[in-house]
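Numbering (our numbering), first residue to last: 479 to 1041.
Every residue gets a Cβ at the ideal spot worked out from N, C-alpha and C, and that includes glycine.
Every value quoted in this text rests on a predicted model; they were computed, and no experiment measured them.
If you want it as structure tokens, here you go:
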């Protein structure tokens, strides 16, 4: 029950029907007070015991083979099961005949055990029909508990509003309703119907397009308007048709009434998303079969779901605002590129895909005091605002250390590594620092660089050749101090017409593949684009990234002029 709080915990504790939770091995994890009373045993004495060995007996009171136990069979299969006529031994030795229903419990797709509801049917063997109905009710209750827990788990796995609503629709339809509609407040006094899910999935035609309607008109008796204005959850069945037949007062109520008529609703529940203090929107569930209307128990379930969904959407919106701030900050910290002489530069920064947080990737290019062009590509460990802030710190400090330094790049990076713990919040980072030595107009040009654990630069040369510059590799920034010999440096002539690519690991990480596969893919792709303009090259490298990446990407490209 860890995933179910508040209302449902009270339901379980006050439930007159016995409830037992067992793990995949059949050990008892928890029982409710009704189970303690029925079995004549305390929860403490039962917890951790093998349920079959402790309780299950044959009709004569003897031991029962494990192979003959239907509950253990259901545990092995992870499937819903039920039965009646099984004999359980109480703590006082007396046998009771029970009817039971078991449903699997999963968390994040992982099977965690079973919830078993059971009742004493000793002395009542002639009321099969009533027992069947009661068992069905038990199964329904178990399904509702499982659904609420599953929604809590599944929606907690995303911070994207649209994805959360898509998952919600798939969970509610058709398990609990035939149709589901979600209306969200936009923050400007308006409401937008953002998701409608029916028997065949998402129905964009009923979502209202880009229509945003005012939520005024608290006097309107429409369930949607009442709920959005802080009213209680509303359950409407066919017998309440007289209330809904009145002309709607507001455009919002008209849209909602049209939706109910279009889907041929015979029963509907509308509940707020969130709490009374913070109503994010409303959830409406519809059934179209007159023989199976919603009841007050359904209303309680959907109300609890609404509270949970409202919290998820509120978190997603806050995350979106934080992400937008972080991305804007990161873009603004990436300085404009110089264009020294005939050398040409282009760069791109691409935030991580939806569902991931902004990272600490950055690029930089600037001219030193003596006019030498310096290139930087780096990646601060982490994917949050702290990483983005750490990137800004390293960006400024590295520029200051390199500005008037005429020695090799490794010396500058060693000084940065020494200073980093004292004047930044960055625990660890990778980077490449490179100098393009030579006259900016006439050359010849030489690349001198050092790498602090960063992916190697890629050099494209005329004639269709491409190779990685793997020399000059040293430890990442923030790693334990080594031998004190200083960071390695490397040099490479840059032929006229060649192109140099510096990038972060988001460009070469392919989900499900190793790093070598990603490097080989980038090399082949860059070769096919070698004759394109620098801007086209950068755009296409990002556009052709494999799907599934969860990292941001920084890319810096240098092209040397042809003779």
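Per DSSP, the bridge partner or partners of residue i
i, result
"residue 759", "662 and 751"
"residue 715", "745"
"residue 528", "505"
"residue 576", "564 and 598"
"residue 840", "856"
"residue 657", "764"
"residue 592", "500 and 582"
"residue 970", "925"
"residue 951", "929"
"residue 670", "662"
"residue 822", "1037"
Exposure of residue i, with buried meaning 16 or more beta-carbon neighbours within 10 Å
i, result
"residue 544", "exposed"
"residue 833", "Per-residue confidence for residue 833 stands at a pLDDT of 43, beneath the threshold of 50, marking its modelled position as unreliable; no derived number is given."
"residue 701", "buried"
"residue 480", "With a pLDDT of 46 at residue 480, under the threshold of 50, the predicted position of this residue should be treated as unreliable, and no value is reported."
"residue 1022", "exposed"
"residue 987", "buried"
"residue 1076", "The structure shown does not extend to residue 1076, since the chain is modelled only from 479 through 1041, so no value can be given for it."
"residue 541", "exposed"
"residue 485", "exposed"
"residue 993", "exposed"
"residue 888", "buried"
"residue 1090", "Lying before the first or after the last residue shown, residue 1090 is absent from the chain, which here runs from 479 to 1041."
"residue 828", "buried"
"residue 704", "buried"
"residue 932", "buried"
"residue 667", "exposed"
"residue 557", "exposed"
"residue 546", "exposed"
"residue 900", "exposed"
"residue 1025", "exposed"
"residue 728", "buried"
"residue 867", "buried"
Check whether residue i and residue j have beta carbons under 8 Å apart
i, j, result
"residue 731", "residue 749", "no"
"residue 924", "residue 846", "no"
"residue 873", "residue 840", "yes"
"residue 658", "residue 823", "no"
"residue 928", "residue 893", "no"
"residue 907", "residue 955", "yes"
"residue 938", "residue 947", "no"
"residue 566", "residue 493", "no"
"residue 524", "residue 509", "yes"
"residue 654", "residue 625", "yes"
"residue 671", "residue 758", "no"
"residue 706", "residue 669", "yes"
"residue 850", "residue 915", "yes"
"residue 940", "residue 976", "yes"
"residue 967", "residue 999", "no"
"residue 684", "residue 772", "no"
"residue 660", "residue 649", "no"
"residue 534", "residue 564", "yes"
"residue 1019", "residue 1003", "yes"
"residue 536", "residue 574", "no"
"residue 782", "residue 756", "no"
"residue 716", "residue 744", "yes"
"residue 984", "residue 1029", "yes"
"residue 519", "residue 571", "no"
"residue 934", "residue 1039", "no"
"residue 891", "residue 949", "no"
"residue 997", "residue 942", "no"
"residue 593", "residue 497", "yes"
"residue 1096", "residue 581", "Examination of residue 1096 is not possible in this model, given that the chain is present from 479 through 1041 alone."
Short CB-CB distance (under 8 Å) between residue i and chain B
i, result
"residue 1002", "No chain B appears in the structure shown, which is made up of a single protein chain."
Rounded distance between the beta-carbons of residue j and residue i, thought under 8 Å
i, j, result
"residue 765", "residue 656", "5 Å"
"residue 870", "residue 1033", "Actually they are not in contact, since the Cβ atoms of residue 870 and residue 1033 sit about 19 Å apart, beyond 8 Å."
"residue 852", "residue 875", "Residue 852 to residue 875, Cβ: 14 Å. No contact."
"residue 578", "residue 595", "7 Å"
"residue 591", "residue 502", "6 Å"
"residue 1031", "residue 982", "6 Å"
"residue 855", "residue 980", "4 Å"
"residue 711", "residue 646", "Residue 711 to residue 646, Cβ: 17 Å. No contact."
"residue 586", "residue 553", "19 Å between Cβ atoms; not a contact."
"residue 819", "residue 789", "So it is not a contact: roughly 57 Å between Cβ atoms."
"residue 1012", "residue 1037", "5 Å"
"residue 747", "residue 780", "5 Å"
>> Please give the ranges of any beta strand (DSSP E) in the region 852–934, keeping only runs that are unbroken, at least 3 residues long and fully inside the region.
In response: 907–915 and 923–930
> Fully enclosed by the region 535–563, which alpha helix (DSSP H) runs are 4 residues long or longer?
Replying inline: 548–555
>> Please give me, in chain order, every unbroken run of the alpha helix (DSSP H) with length at least 4 that falls completely inside the region 963–1030.
In response: 993–1006 and 1012–1021
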